[in-house]
Amino acid sequence: MDHGEETILELDRIVKKYRTKAFLFGARGQEVIALNEISIKVTRGEIFGLVGESGSGKTTAGRLIVRLEQPGEGKIYLDDHDITSLKGKASKAYSRRVQMIFQDPYQSLNPQLSIFDTISEPLIIHKIGNTKAKEDAVWQTMKSIGLSPPHDFAHRYPHQLSGGQRQRVAIARAMVLNPEFVVADEPTSMLDASMSAQIFNILLEMRKKLNVSFLFITHSLAAARYLCDRIAVIYRGNVVEVGPGDEVIENPKHPYTQALIDALPKFRYSGDKKRYQTLIRAERRVPEHAGCPFFSRCKRADPIKCSREKPPLMRLGDSHSVACFYAEPGIKTSSGDNA
Amino acid sequence: MALLEVENLTIGYQSQKGFLKAVEGVSFSLDKGRSFGFVGESGCGKTTLGMALMRLLPPNGRIEGGRIFFDGKDLLEKTDEEMRKVRWQEIAMIFQAAMNALNPVHRVIDQITEAIHTHTPSHNKDEVYEQVRALFKFVGLPEDRMRDYPHQYSGGMKQRAIIAMALACRPKLIIADEPTTALDVIVQDQILEETKSLQREFGISIIYISHDISIVADICHDIGVMYAGQLVEYGAREEVFDNPVHHYTEALLSSYPTLTGEKSQLMPIPGEAPNLINPPFGCRFSDRCTEARVSCRSNPPVWLEITPKHKVFCHQCGKHCGE
């Protein structure tokens, strides 16, 4: 990477638990662990991908970073400053530096605000610039994300725009404050392929021009490969593998990452379709909250060790880490039942 | 003989702003035991097409013209009562987010039993039970979960239950409209594998509708690419995807990120799809096409045959024909 090695954002052993709704008569709801001691470091100017399936906790991680939620345990650092307990002015100053792009542009925009008002609202909240300066900033941002000519869009309302245009407005709204760090939570999952490609290219452009760092949350390994410098694969609230995008996808080591790669429809790909076969057919019963999170589905798991002990993230190479006791290069396990 | 033959089908919706032709002039045929995949972006008419084949259009939609031959009979000439017998028994549909179609207050087994019982009342209880059990086994649902209620199932299990229900009456054709969009990739993969084995074991024909090229490429023999209500290119999967001719197909393919191979710059398609209330007279893709000429805008395109198994709706693809 040519961005230097300065860490801009760090999640340090973050735990986030939710409690499901209590039932009648004071019985307490069940505890759900959304994030289980996850640690991530994002380098300045990097696009860091957080890849996982629904319910894996990836969105929770994003929401913690922009302080929509508070972690139960652990700390979040921006430029080495702990931001978990910021209050008042400091909190507001932080929100200027860290912004979020949400998944669904049909819900994240206020239908009553014109596009101009939507994009200028953050400037008003943070009291930045006079009227003229605000206007300039809005025009500038709109142009840079391809909503041009800006005058055509400024006085329209969200319902008059297509999904792709809406998402660009949402990006403009996040970028108008010139943030240093942006959390993009599945920004293209509601969009068609041709629109997604536009959004991806806009994010790449932003990074190049403004050196913004991104946490890109996605369920698509292909999108992560295209966009991200490094990828963390998250499974049931645990980071199971971290490394450079190409490395993780072409040479995955964790059985879960391998199962994901096996499961993707292979398009324009002539190699072996199911290389790894790491899933067992029927899920095992799992002892609660102990052992490896992937134990219940893993073909490679040792019935004793993996069910009792949770594997920590272990280094394999310079920048590739895996949380598995059996992440040896052995790609193909013995043939048996395939899931 | 083809199981399904669609000729020049045109479907429209009456909207406040005028009559919108969501599908125009679509023709294709599907043989027994084959699968045909429709790809295209939102608003291209692929879901409308699927609904029209079942004659399940909403009240403001109507079939303007064309014919749908299923098993040699024209579906558009059937009465509503006759059509009701065709549905589910001969043609079944798996809708987008179909897992929400299960009734929350009835056990899954009862819902599948009911589907079988309604269409084949002659079977006795034990026979039907055996049938349901076999279906559960086939779609990979554990037998001891048959008596569960839908809320006890995960999304993937509900989708499997829906597939079991679609199979209950042994239809000849299944129309699947984005059946895996709401599911995680591992579950999606399992369901796609099941869909493929359905075809192999029962010789069921499938129409698969999706925006995801990679899924359609995975399970379909033939592919039709739709743009702005029209079919613009169709043919055997290998020919359409390995040798795309229509500029829209090409553009669509190069806007997809891939998992392997060269990491080339994704090329988004500039602009937006045209308004279908008053579509352009010439080629509908001409405003976004990098190769468009004046003649593309002034004349409607024509169908050209690239190979016997590959046809394209374009003015300019003559150069490919000679090759």
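If you read the protein sequences in the order shown, they are chains R and W. By my numbering, the letter at position 215 of the first sequence is numbered 215, and the numbering carries on one by one without gaps. By my numbering, the letter at position 191 of the second sequence is numbered 530, and the numbering carries on one by one without gaps. Where is the CB? At the ideal position from N, CA and C, for every residue including glycine. Treat the numbers as computed from the prediction; the structure is a model and nothing was measured.
Is there at least one Cβ from chain W nearer than 8 Å to residue i's Cβ?
i: L260 (chain R); result: yes
i: I249 (chain R); result: yes
i: R308 (chain R); result: no
i: R13 (chain R); result: no
i: E53 (chain R); result: yes
i: N178 (chain R); result: no
i: A170 (chain R); result: no
i: T333 (chain R); result: Bear in mind that the predicted position of T333 (chain R) carries a pLDDT of just 37, short of 50, making it unreliable; the figure below should be weighed with that in mind. Not closer than 8 Å to any Cβ of chain W, the Cβ of T333 (chain R) fails to qualify, so no.
i: P265 (chain R); result: yes
i: F200 (chain R); result: yes
i: R225 (chain R); result: yes
i: A197 (chain R); result: yes
i: L9 (chain R); result: no
Mapping DSSP to helix, strand and coil, what is residue i?
i: L64 (chain R); result: helix
i: I340 (chain R); result: For chain R, the structure presents residues 1 to 339; residue 340 (chain R) sits outside this window and is missing.
i: D79 (chain R); result: coil
i: Q450 (chain W); result: helix
i: C306 (chain R); result: helix
i: A184 (chain R); result: strand
i: F624 (chain W); result: coil
i: M142 (chain R); result: helix
i: H126 (chain R); result: coil
i: D318 (chain R); result: coil
i: M565 (chain W); result: strand
i: H585 (chain W); result: coil
i: F267 (chain R); result: coil
i: H654 (chain W); result: coil
i: A282 (chain R); result: coil
Verify the CB distance criterion: does residue i have a CB-CB separation below 8 Å to chain R?
i: Q355 (chain W); result: no
i: C660 (chain W); result: Because C660 (chain W) carries a pLDDT of 48, less than 50, the predicted location of this residue cannot be relied on, and the following value inherits that uncertainty. Chain R, which has no Cβ nearer than 8 Å to the Cβ of C660 (chain W), makes this no.
i: M691 (chain W); result: Residue numbering for chain W in the displayed model covers 340 to 662; residue 691 (chain W) lies beyond these limits and cannot be assessed.
i: A515 (chain W); result: no
i: A503 (chain W); result: no
i: Q470 (chain W); result: no
i: Q569 (chain W); result: no
i: V524 (chain W); result: yes
i: A728 (chain W); result: An answer regarding residue 728 (chain W) cannot be provided, because it is not within the stretch 340 to 662 covered by chain W.
i: D528 (chain W); result: yes
i: E630 (chain W); result: no
i: A590 (chain W); result: yes
i: E578 (chain W); result: no
i: L381 (chain W); result: Checking the sequence shown, residue 381 (chain W) turns out to be Ser, not Leu. It does: the Cβ of S381 (chain W) has a partner Cβ on chain R nearer than 8 Å.
Within this structure, are the beta carbons of residue i and residue j separated by less than 8 Å?
i: Y488 (chain W); j: A500 (chain W); result: no
i: A222 (chain R); j: P607 (chain W); result: no
i: G243 (chain R); j: R225 (chain R); result: no
i: R97 (chain R); j: F214 (chain R); result: no
i: G58 (chain R); j: L50 (chain R); result: Note on residue identity: the sequence assigns Lys, not Gly, to residue 58 (chain R). In this structure, L50 (chain R) lies closer than 8 Å to K58 (chain R) by Cβ.
i: L615 (chain W); j: L359 (chain W); result: yes
i: L369 (chain W); j: F377 (chain W); result: no
i: T386 (chain W); j: D581 (chain W); result: no
i: T459 (chain W); j: C383 (chain W); result: no
i: H560 (chain W); j: R576 (chain W); result: yes
i: V42 (chain R); j: I8 (chain R); result: yes
i: I430 (chain W); j: P481 (chain W); result: no
i: R166 (chain R); j: G146 (chain R); result: no
Could you work out which residue in the options is closest to residue i when comparing CA atoms only?
i: E403 (chain W); options: W:I350, W:A431, W:F652; result: W:I350
i: L343 (chain W); options: W:M390, W:G400, W:D413; result: W:D413
i: G667 (chain W); options: R:Q258, R:T257, R:I249; result: Here chain W comprises residues numbered 340 to 662, so residue 667 (chain W) is not present and cannot be evaluated.
i: Y573 (chain W); options: W:L441, W:E644, W:Q355, W:A515; result: W:E644
i: I514 (chain W); options: W:H462, W:L395, W:W642; result: W:L395
i: A391 (chain W); options: W:F409, W:D581, W:P596, W:M504; result: W:F409
i: V651 (chain W); options: W:P596, W:E577, W:G563, W:N638; result: W:G563
i: V365 (chain W); options: W:F375, W:S374, W:E346, W:S354; result: W:E346
i: G74 (chain R); options: R:Q165, R:P158, R:Q103, R:E10; result: R:E10
i: T141 (chain R); options: R:I115, R:A172, R:G72; result: R:A172
i: I552 (chain W); options: R:K132, R:S194, R:G237; result: R:S194
i: C292 (chain R); options: R:N238, R:I101, R:S148, R:S319; result: R:N238
i: N399 (chain W); options: W:K497, W:Q353, W:Q435; result: W:Q353
Does any C-beta atom of chain B lie closer than 8 Å to the C-beta of residue i?
i: Y595 (chain W); result: Although the question refers to chain B, the structure presented lacks it and instead comprises the protein chains R and W.
Q: Starting from the N-terminal side, write out each stretch of the alpha helix (DSSP H) that is 4 residues or longer and does not extend beyond the segment 200 to 264 of chain R.
A: 221 to 227, 245 to 250, 255 to 263
Q: Just list the beta strand (DSSP E) runs in the segment 495 to 529 of chain W, keeping only unbroken ones of 3 residues or longer that don't cross its boundaries, in chain order.
A: 512 to 516
**Q.** Uninterrupted beta strand (DSSP E) stretches inside the segment 535 to 561 of chain W (no shorter than 3 residues)
**A.** 544 to 549
Q: Any chance you could list the beta strand (DSSP E) runs of at least 3 consecutive residues sitting entirely within the segment 378 to 446 of chain W, in chain order?
A: 400 to 409, 430 to 433
(Q) At 4 residues or longer, what runs of the alpha helix (DSSP H) sit wholly inside the segment 473 to 498 of chain W? (A) none
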